[in-house]
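Q: Take a look at this one; I'll ask things after.
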């Protein structure tokens with residue numbers, strides 16, 4: 001903290017924490033061979049993002065990513081255990097900073113019923129459209145990285 005900080009600045013700095021989350025870039029290949037990426041809408045503001053959530057103590061981030069994909073979007077599939085990347089964001093309603101560890105999940109199916117059915121929107125996008133629609137800049141960068149990898153231009 002700087003000596004010039006006001007008491008309010010000091011209080012804000014002391015109350016900020018980093019929240020660890022994990023999420024999945026869920027993708028599928030269409031019958032025509034095109035790659036699509038799933039985005040889900042925030043329950044709070046509807047902005048597009050990844051299925052993601054809190055990492056439970058002792059839980060691998062890949063397990064969290066797969067769980068959140070199912071809970072938020074009903075998507076099942078094979079999650080890659082290796083971390084694909086990470087991004088940071090802040091919510092308008094929170095002083096906390098969120099760090100999301102991201103895994104790739106190749107979708108193999110979708111459940112008719114899942115915990116957050118009806119609570120948020122979900123949509124499959126082309127990679128290019130997902131990059132445009134994603135709310136967080138760090139997520140857009142990861143989606144661009146995924147697009148390059150999936151088209152072999154990385």
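Numbering (full-length UniProt numbering), first residue to last: 1 to 154. All residues carry an ideal CB built from backbone N, CA and C; glycine is no exception. Small disclaimer: the values here were computed from a predicted structure and weren't measured.
Sorted by chain position, which residues of the same chain lie with C-beta nearer than 8 Å to residue 56's C-beta, five sequence neighbours on each side aside?
A: 64
Q: Residue 21: buried (16+ other C-beta within 10 angstroms of its C-beta) or exposed?
A: buried
Q: Could you check whether residue 88 and residue 23 sit closer than 8 Å to each other, using their CB atoms as the reference points?
A: no
Q: Please work out which residues of its chain come closer than 6 Å, Cβ to Cβ, to residue 28, disregarding the five sequence neighbours upstream and downstream, and give them in chain order.
A: 36, 107
Q: Identify the continuous beta strand (DSSP E) that holds residue 62 and give its terminal residues.
A: Looking at the DSSP string, residue 62 is not in any beta strand (DSSP E); the run it does join, the alpha helix (DSSP H), is 61-73.
Q: Sort out for me which residues DSSP pairs residue 35 with in a bridge.
A: Looking at the DSSP output, residue 35 bridges to 29.
Q: Please work out which residues of its chain come closer than 6 Å, Cβ to Cβ, to residue 146, disregarding the five sequence neighbours upstream and downstream, and give them in chain order.
A: 25
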